[in-house]
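In this text, residue positions in the sequence shown follow the working numbering: the first is 1170, and each later residue adds one.
Even for Gly, the Cβ is constructed at its ideal location relative to N, Cα and C.
In this text the structure is predicted, and so the values were computed from the model without any measurement.
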Amino acid sequence: MTEASPATPDVHDVVIIGSGPAGYTAAIYTARANLSPIVFAGSVTAGGELMNTTDVENFPGFPEGIMGPELMGNLEQQASRFGADVRYEDVTEVDLEAQPKRIVLGDGTVHHARAVILATGSAYRELGVDGEKRFSGHGVSWCATCDGFFFKDQNIAVVGGGDSAMEEALFLTKFADQVTVIHRRDSLRASKIMADRALEHPKITFRWNSAVTSLDGEDKLKTVHLKDLVTGEESSLEVTGLFVAIGNDPRTDLVKDQVELTDEGTIRIEHPSSRTSIPGVFAAGDVTDSTYRQAITAAGSGCIAAQDVEHYLADLQ
Ligand code: FAD
């Protein structure tokens, strides 16, 4: 394909794929830099992971906290105010090596852009049991850093047996009275040091060989139903919080055959920049991050990606 002239009218300066804190922050910055960004926000999940939660108390600037969907609505409005073109559509195919880059939507429409920001986020694995969706944000959580504070002096549980589950359980002992770890096997997958710390902690107890079968309660979570995978025996646990820590999958399906990934499956970026393995392609937010995964870190990296795009486009001239 021949190089498109920067004057070609149907080539956008920048396309942003994803509308979480990373995508919208990148949109605010690129819009304010007069780059007329177009944001493909997703057809059903626009706004990203925070659309699935209630109170967000750790995003700076909101002393009383803010509801997740309200925060995302604000970010979208802020981006639109400066001219970002937000479209609730899914990108189904990309050719990132092409110049200009080719972006195909679910309905077959093709867009071209000189630069692309990938901000597709990541998905926490779910248990897939009855009550999980209903109590999400009402007792069920995927993030101890985000929600641990809400469970002061309460009895809570963590599902999982790996390093992140032990990290969540240990962190939660700062707030909770008692933390029960529910694990499918009779030993932990976590590294020895993390496992020992959890096993020796006076506030942590274990339910081995156990799977969650369903969740109950009225407005909020009250009971976790369990099944012993060895004996088949059913039991229950009264808790106000359940933290699901069984893994997280970066959303890379769209690009995993084109950009380089890390061993953890995130998009590899040239830290501290947002540059990926393909010139003109930048990535931000949880799709690049297997460690922090917070709204503020995603937003910060969206800002970095926007500035990297600005410099990249300036160098193309
Ligand atoms: P996401 O928010 O995941 O957004 C990604 C976006 O990409 C989505 O809009 C999706 O629709 C879109 N997308 C993906 N693929 C495509 C495609 N092919 N085409 C178009 N669009 C696409 N963090 C905090 O700091 N505080 C909290 O209190 C907090 N609470 C949380 C509660 C819950 C229940 C969960 C799940 C997470 C919580 N987090 C919290 C973590 C926080 O939500 C994430 O770190 C943050 O949303 C990551 O932002 P992101 O922009 O990288 O991705």
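Taking only three categories from DSSP, how would you classify residue i?
i       : result
Ala1202 : coil
Asp1242 : Note on identity: in this sequence residue 1242 is Gly, with Asp being the wrong assignment. Residue state, collapsed to three classes: helix.
Ala1367 : helix
Cys1472 : helix
Val1478 : helix
Ala1464 : helix
Asp1418 : strand
Asp1299 : strand
Asp1179 : coil
Ala1453 : coil
Asp1316 : helix
Ile1185 : strand
Asn1221 : helix
Thr1349 : strand
Asp1322 : coil
Ile1207 : strand
Ser1412 : Before going on, a small fix: residue 1412 reads as Phe here, not Ser. In the structure shown, Phe1412 sits in a strand (DSSP, three-state: E or B).
Asp1397 : strand
Glu1429 : coil
Asp1484 : helix
Gly1192 : helix
Arg1354 : coil
Glu1266 : coil
Phe1228 : coil
Glu1233 : coil
Arg1283 : strand
Lys1391 : strand
Ile1157 : In the structure displayed, the chain extends from 1170 to 1486; residue 1157 sits before or after that span and is not available.
Leu1423 : coil
Under 7 Å from any heavy atom of the ligand FMN, does the C-beta of residue i make it?
i       : result
Pro1206 : Here the bound small molecules are the ligand FAD; the ligand FMN is not part of this structure.
Can you round the beta-carbon distance between residue i and residue j to whole angstroms, since I take them to be within the 8 Å contact cut?
i       : j       : result
Ala1338 : Val1327 : 4 Å
Asp1182 : Leu1204 : 4 Å
Gly1192 : Gly1471 : 6 Å
Thr1199 : Pro1190 : At roughly 15 Å, the Cβ-Cβ gap does not stay under 8 Å, so Thr1199 and Pro1190 are not in contact.
Phe1412 : Ala1313 : 6 Å
Val1225 : Gly1217 : At roughly 12 Å, the Cβ-Cβ gap does not stay under 8 Å, so Val1225 and Gly1217 are not in contact.
Ser1379 : Asp1397 : 6 Å
Ala1292 : Asn1417 : 7 Å
Ser1360 : Ala1414 : Rounded, the Cβ-Cβ distance is 15 Å, inconsistent with contact.
Leu1485 : Val1263 : Wrong, their Cβ atoms sit about 19 Å apart, outside the cutoff.
Phe1251 : Ile1197 : 6 Å
Using beta-carbon positions only, say whether residue i and residue j come within less than 8 Å of one another.
i       : j       : result
Phe1285 : Val1184 : Inspection of the sequence shows that residue 1285 is occupied by Val rather than by Phe. Cβ atoms of Val1285 and Val1184: closer than 8 Å.
Lys1372 : Thr1409 : no
Gly1211 : Tyr1257 : yes
Ser1383 : His1370 : no
Pro1419 : Asp1388 : no
Gly1331 : Arg1354 : no
Gly1237 : Asn1221 : yes
Thr1392 : Glu1407 : yes
Gly1308 : Leu1390 : yes
Phe1451 : Ala1474 : yes
Arg1283 : Leu1482 : yes
Val1260 : Phe1319 : no
Val1381 : Val1298 : yes
Thr1487 : Ser1459 : A question about residue 1487 goes unanswered here, because the residues of the chain that appear run from 1170 up to 1486.
Gly1386 : Phe1344 : no
Ala1195 : Ala1453 : yes
- Segment contact flag, the region 1441 to 1449 with the region 1289 to 1307, C-beta cutoff 8 Å, min 3 pairs: No: the two stretches stay apart, fewer than three of their Cβ pairs being nearer than 8 Å.
- Query: Between the region 1455 to 1465 and the region 1266 to 1284, do three or more beta carbon pairs fall short of 8 Å?
  - Reply: Result no; under three Cβ-Cβ pairs closer than 8 Å.
- Between the region 1343 to 1356 and the region 1314 to 1333, do three or more beta carbon pairs fall short of 8 Å? yes
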